[in-house]
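Chains A and B are the protein sequences, given in the same order. The working numbering numbers the first residue of the first sequence as 70 and each following residue consecutively. The working numbering numbers the first residue of the second sequence as 233 and each following residue consecutively. Structure, as structure tokens:
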Amino acid sequence: MKKTLTVNLGGTVFHIDEDAYQLLEKYLSNLRIHFQKEEGSDEIMNDFEQRISELLNDRIRLGYEVITLEHVEDVIKRMGKPEEIFGDDYTEERKEEFKTKADPQTAAKKRLFRNPDDRIIGGVAGGLSAYLGWDPTAVRIAMLLLMFFYFISIPIYLLLWLIIPVARTATEKLQMRGESVTLENIGKTVTDGFENVSNNVNDYINSGKPRSAVQKIADGFVAVVGFLIKVVGIFFAIILIPPVGFALIILVIVLFAIFIGLIGGSIGLLGGGLGLLYSLFPFADWSSVSAYPETTLIIATITMILAIGIPLFSLAYLLCGKLFKWKPMPTAAKWILLILWFVSVATTIVMGINFGWPIIDNQGWHWNSYHPIRHIRFW
Amino acid sequence: MNAENVKSQMRKGILEYCILLLLKKEPAYTSDIIQKLQEAKLIVVEGTLYPLLTRLKNSGLLGYQWVESNQGPPRKYYRLTEEGEAFLGELENAWQDLNNTINHIRNN
């Protein structure tokens with residue numbers, strides 16, 4: 070008994086044995102890699118698929134219900150193996166391959182890439198673990214711990230994200246793992262679905278064709294836009310994906326505000342910071358704040374709770390999701406939370422300044438004079 | 233030096249010429265072209281032909297249209313363009329020259 074797959078080949082549906090499918094898939098992938106650099110490669114591949122479809126259809130007409138390995142082998146014999154089709158070019162390519170890696174040791178030389186197939190944020194951990202041969206989960210946990218204890222590792226992560234290139238082509242993905250770059254391996258990588266050999270922008274840019282000046286300018290433009298998108302992406306990633314980093318940033322900001330408050334620094338920030346402290350610590354002196362209507366205070370408290378609570382909630386959700394395999398939050402929910410968070414933060418800041426300002430004004434802020442911080446019993 | 237190698241180089245050299253010749257007589261499906269070339273022992277495997285046809289089409293020497301077939305999906309039906317005919321003319325001359333040269337060398 071054998072498992073069969075249903076494939077659409079050149080517009081005809083075939084039932085095909087699993088092993089036969091794998092052989093055919095590998096064959097087509099190999100051809101595709103060879104034709105990648107050629108103009109009209111898609112059309113050539115379509116011709117191939119169409120013809121293979123015709124040949125297989127002949128078998129069906131003979132009464133076979135399922136395409137077997139034997140049929141596919143026959144078809145490949147008829148169409149020709151890559152070395153038969155490409156003849157001298159193919160053997161030359163091979164020689165080139167051997168030349169560039171005369172020493173098998175250097176052949177398997179590893180390069181550090183970000184791994185686009187194993188990523189949570191930027192693929193840095195995935196790439197590192199592929200490079201080091203470690204378990205990606207272990208690397209992630211280690212990085213997370215580092216981020217908790219040393220804030221400096223957050224900007225370092227972002228820097229790595231910017232600096233380390235992403236492994237785009239099959240070749241690069243093999244180098245990332247330190248596997249030697251042979252046609253068989255590339256074929257395998259492609260077959261494994263590591264690389265989507267389609268005519269998308271990246272493939273085009275990475276193809277080995279010599280490029281005209283206009284194309285180079287366009288490439289530069291793509292690179293610059295890509296960089297900008299990346300920067301924006303980092304910003305959103307901080308907010309949306311790793312609530313850890315985000316919670317830490319909030320923590321740093323709050324600590325910073327308290328610090329500023331204690332040394333009596335910048336007045337504007339102080340106003341915001343103190344207003345924040347007032348809402349946080351209801352047992353402080355509320356005299357100037359209580360002049361506000363109750364609803365304002367309630368709103369202030371709610372926005373404050375949201376401003377701090379949303380990142381914490383997202384963090385908790387993410388952790389629970391990882392631990393208990395919950396479904397990831399729907400994108401819509403993420404956006405709603407994000408917008409809600411922005412609104413809350415903005416409201417909190419505005420209200421903080423509104424609350425804080427009169428206090429500073431009234432107290433005539435001075436280190437030695439009465440100041441509200443003293444009323445908060447830290448010790 | 234391998235005789236087979238040289239022979240295959242020779243066949244390769246006249247492959248485009250032969251395709252244009254075939255299509256000058258009458259438009260044909262890809263499979264017909266393949267069959268005729270295989271009969272003439274000009275190609276061994278079919279795969280050689282598809283990139284070649286696409287290349288010829290992209291340089292404007294050939295054109296094709298999709299024609300319905302009684303069995304399966306529509307197939308490409310190739311024909312020679314005007315440009316292709318001019319190109320073929322040049323190749324005919326070149327072939328004549330070659331022929332003359334070889335005869336000349338042979339007979340002297």
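Even for Gly, the Cβ is constructed at its ideal location relative to N, Cα and C.
| Asked | Found |
| --- | --- |
| Residues near L406 of chain A by beta carbon distance below 6 Å, same chain, minus five either side | I379 |
| Residues bridged to F83 of chain A (per DSSP) | A:V76 |
| Outcome for H103 of chain A when other beta-carbon atoms lying within 10 angstroms are tallied against a minimum of 16 | buried |
| Residue-chain proximity (R128 of chain A, chain B), Cβ-Cβ < 8 Å | no |
| Interfacial residues, the stretch 176-206 of chain A to chain B, with Cβ spacing under 8 Å | none |
| Contact residues within the stretch 110-123 of chain A, judged by C-beta distance below 8 Å to chain E | No chain E appears in this structure, whose protein chains are A and B. |
| Bridge partner(s) assigned by DSSP for I136 of chain A | A:I85 |
| Opposing strand residues paired with Q297 of chain B [DSSP bridges] | B:Y309 |
| T75 of chain A: contacting residues in chain B (beta-carbon distance under 9 Å) | Here the premise fails: no neighbours, minimum Cβ distance about 17 Å. |
| Counterpart residues of A236 of chain A in DSSP-defined beta bridges | Bridge partners of A236 of chain A: none, in fact. |
| Buried versus exposed call for S198 of chain A [16 or more other C-beta atoms within 10 Å across all chains shown] | buried |
| Three-state secondary structure (DSSP) of Y249 of chain B | helix |
| Local conformation of I334 of chain B per DSSP, three classes | helix |
| Opening and closing residue of the alpha helix (DSSP H) in which M114 of chain A lies | S110 to R130 |
| Integer Cβ distance of F457 of chain A from P234 of chain A, believed to fall under 8 Å | Look at the range of chain A in this structure, 70 to 448, and you will see that residue 457 of chain A is not part of it. |
| Beta-carbon proximity of G292 of chain B to T313 of chain B, cut-off 8 Å | yes |
| Against chain B: residues of the stretch 72-106 of chain A by CB proximity under 8 Å | G79, G80, T81, L100 and F104 |
| Cut-off 8 Å between Cβ atoms - residues of its own chain near F117 of chain A, not counting five sequence neighbours on either side | L97, L100 and M148 |
| Under 9 Å by beta carbon: chain A residues contacting T333 of chain B | Ordered by position in chain A, no residue passes the 9 Å Cβ test against T333 of chain B, which lies about 25 Å from the chain. |
| Helix, strand or coil at Y226 of chain A [DSSP, three-state] | helix |
| Three-state secondary structure assigned by DSSP to Y219 of chain A | coil |
| Alpha carbon of R180 of chain A to alpha carbon of G191 of chain A, nearest angstrom | 17 Å |
| Span of the alpha helix (DSSP H), counted from its first residue to its last, around S291 of chain B | First-last for S291 of chain B: undefined, no H or E at that position. |
| Three-state secondary structure (DSSP) of G262 of chain A | Summary for G262 of chain A: the model assigns pLDDT 47, below 50, so the residue's position carries little reliability, and this model does not support an answer. |
| Beta-carbon separation (whole angstroms), G195 of chain A vs N184 of chain A, contact threshold 8 Å | 3 Å |
| is_contact[I154 of chain A, chain B] using C-beta, thresh 8 Å | yes |
| Within 8 Å, strictly: CB atoms of L78 of chain A and I129 of chain A | no |
| Interface residues of chain B facing G390 of chain A [CB-CB closer than 8 Å] | The contacting residues do not exist; G390 of chain A stays about 46 Å from chain B at best. |
| CA nearest to the CA of E123 of chain A, picked from A:T81, A:T238 and A:E108 | A:T81 |
| Three-pair Cβ contact test at 8 Å for the stretch 237-246 of chain B versus the stretch 283-298 of chain B | no |
| Residues in the stretch 133-150 of chain A having any Cβ partner in chain B nearer than 7 Å | R147, M148 and G149 |
| G196 of chain A: first and last residue of the uninterrupted alpha helix (DSSP H) it sits in | V193 to L201 |
| Per-residue contacts from V276 of chain B into chain A (C-beta, under 9 Å) | G149 and E153 |
| Classification of A326 of chain B by the beta-carbon crowding that lies within 10 angstroms, buried from 16 upward | exposed |
| Rounded C-alpha distance that separates E87 of chain A from M70 of chain A | 11 Å |
| Below-8 Å beta-carbon distance, E324 of chain B vs any chain A residue | no |
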